[in-house]
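What follows is a single structure, written as structure tokens, with notes after it.
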Amino acid sequence: MEASASDAALADVAAGEPVRSLDPSIRTIWMIKMAGASTILFLPALFYDLTHLFSPNAWLPFGVLSGGVLVAATLYCLAWPRLRYQSWGFALRPEEIYMEHGVLKHVRTVVPLRRIQHVDVSQDLIEREFALGRLVVHTAGSRSSDVV
70 MEASASDAAL ADVAAGEPVR SLDPSIRTIW MIKMAGASTI LFLPALFYDL
120 THLFSPNAWL PFGVLSGGVL VAATLYCLAW PRLRYQSWGF ALRPEEIYME
170 HGVLKHVRTV VPLRRIQHVD VSQDLIEREF ALGRLVVHTA GSRSSDVV
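Just so you know, we're using our numbering here: the sequence shown kicks off at 70 and counts up by one.
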């Protein structure tokens with residue numbers, strides 16, 4: 070059986086072709102967005118602690134639940150963007166786009182340029198503040214045709 074073009078492309082990159090990383094300020098954006106999401110977990114824990122402050126049959130002593138959530142969320146917001154940044158890479162070649170990403174599950178994607186239908190570029194408020202954006206490449210011939 071013949072090797073596919075994507076297998077050859079993956080072999081080229083694995084052989085040492087330079088892979089570019091994302092802009093370093095993306096880590097700050099990810100931290101800000103994760104902090105916002107972590108607040109959604111922290112507020113109910115804080116509400117529980119405050120409503121059971123003087124309760125004699127409280128499930129946990131005051132501050133244990135909200136403090137634990139706060140510590141876990143802080144570690145997550147500081148460590149995960151760094152790991153995620155280290156796992157992201159891309160290469161734009163004359164014939165294709167190569168991307169790799171994933172901390173727990175490493176994914177490599179090769180998109181031939183001739184398969185690209187159109188490209189979307191967007192920015193939310195935080196990304197605009199850092200002069201960054203999101204690029205979505207739509208490809209032909211697949212059920213899930215978005216490459217981010």
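No residue lacks a Cβ here, since even glycine has one placed at the ideal position from N, Cα and C.
Bear in mind the structure is a predicted one, so any value in this text is a computation, not a measurement.
- In the structure shown, the three-state DSSP call for residue 160 is strand.
- The beta-carbon separation of residue 160 and residue 88, rounded to 5 Å, stays under the 8 Å limit for a contact.
- Taking C-alpha positions only, residue 127 is separated from residue 149 by approximately 33 Å.
- Of all alpha-carbon atoms in 110, 189, 179 and 181, the one lying nearest the alpha-carbon of residue 141 is that of 110.
- For the alpha helix (DSSP H) assignment, the uninterrupted runs of no fewer than 4 residues enclosed by the segment 132 to 184 are, from N- to C-terminal side, 133 to 156.
- Listed in chain order, the non-local C-beta contacts of residue 152 below 6 Å within the same chain comprise 172, local neighbours out to five positions each way being set aside.
- For residue 203, the uninterrupted beta strand (DSSP E) run begins and ends at 203 to 208, by DSSP.
- Beta bridge pairing from DSSP links residue 191 with 203.
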